[in-house]
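Asker:
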Amino acid sequence: MIFDLRLTTIEDYAELCDWWDFWRWGNSKPSIDLLDNLKYGLMVSSGSENICAGFVYFTNAASYGLIEYIVSNPKIKDKKVRNQSQIYLISCLKEFGKKNGMKVVISYLVNDNLKNKYLETGFVVGDKNTTAMICKL
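Number 28 in our numbering belongs to position 3 of the sequence shown; there are no gaps in the numbering.
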């Protein structure tokens, strides 16, 4: 399948929130300011239907970044399309980071299906049995 790719915009936020709500992200879904007004996100679509999105985060170490908040449209029932689109998205997020000077990207994952997609795109497991700690300031 051929996918379209574009940068996310602030207009995508409501749809992404619906997706995060469906997948039970609840209070852990990112606020619009945490997403830097969506300017470093990528949206994968096919025709007029958005399929999945994810975000790159830049750090104060120019060559180090994060890929986070990957989410898919729950209305896409075809598992093959959803799987292929997420693999494409992760590959594009990696390339986006690389083109912007990153030499290393890291991501924190819980979902085994998503972990497998990362492995398919060249990621390796860094640590197992860790706990991500978050504190809103």
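Idealized CB from N, CA, C, for every residue including glycine. Quick caveat: nothing in here was measured; it's all calculated off a predicted structure.
If you draw a straight line from the alpha carbon of residue 107 to that of residue 77, how long is it in whole angstroms?
Answerer: Going from the Cα of residue 107 to the Cα of residue 77 covers about 8 Å.
Asker: Go through its chain and collect everything with a Cβ distance to residue 35's Cβ below 8 Å, but skip five positions before and after it.
Answerer: Cβ neighbours of residue 35 beyond the five flanking positions: 57, 62 and 63.
Asker: The beta strand (DSSP E) spanning residue 71 covers which residue range?
Answerer: It spans 66-71 - the beta strand (DSSP E) in which residue 71 sits, taken as one unbroken run.
Asker: Rounded to whole angstroms, what is the Cα-Cα separation between residue 48 and residue 128?
Answerer: If you take the alpha carbons of residue 48 and residue 128, they lie about 31 Å apart.
Asker: Would you kindly check if the distance between the Cβ of residue 121 and the Cβ of residue 81 is under 9 Å?
Answerer: Going by C-beta atoms, residue 81 is nearer than 9 Å to residue 121.
Asker: Quick check: the Cα distance between residue 114 and residue 91, rounded to an integer number of angstroms?
Answerer: Whole-angstrom Cα-Cα distance: 14 Å.
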